[in-house]
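Under UniProt numbering, the final residue of the sequence shown carries the number 61; numbering is consecutive throughout. All residues carry an ideal CB built from backbone N, CA and C; glycine is no exception. Just so you know, these numbers come straight off a predicted model, no measurement behind them.
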Amino acid sequence: MRVRLRMDICFILDGILILYGIILTVLYCRLRVRQTGTHTHRHDEHTDTYETIKMDKKAIV
C-alpha cells in the first residue's frame, strides 16, 4: 500500500514538473517572439556589415 502511494505521489509530481516546463517554454517563446517583432533592423539591402562597423574588407585569395 505504501509503495502504491509513493508511486502515485511521484506521478503527480512528474505531471506538475512537466506542466511547469511547458508553461516556462511557452512564456519564453512568447518573450522571444515579442522581442523579435519589435526589434528593427537598421541595415537596408545596400548597407554592408563591414561598412557599419567601419572595417575594411579583405579580399579572399
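Helix, strand or coil: how does DSSP classify residue 60 here?
Against the sequence shown, residue 60 aligns to sequence position 60. In the structure shown, residue 60 sits in coil (DSSP, three-state: anything other than H, G, I, E or B).
In whole angstroms, what separates the C-alpha of residue 21 from that of residue 13?
In the sequence shown, counting from the first residue as 1, residue 21 sits at position 21. In the sequence shown, counting from the first residue as 1, residue 13 sits at position 13. Cα to Cα, the separation comes out at about 12 Å.
Where residue 18 and residue 58 are concerned, what is the direct C-alpha to C-alpha distance, given to the nearest angstrom?
Taking the sequence shown and counting its residues from 1, the one referred to as residue 18 is at position 18. Taking the sequence shown and counting its residues from 1, the one referred to as residue 58 is at position 58. The alpha-carbon atoms of residue 18 and residue 58 are separated by roughly 51 Å.
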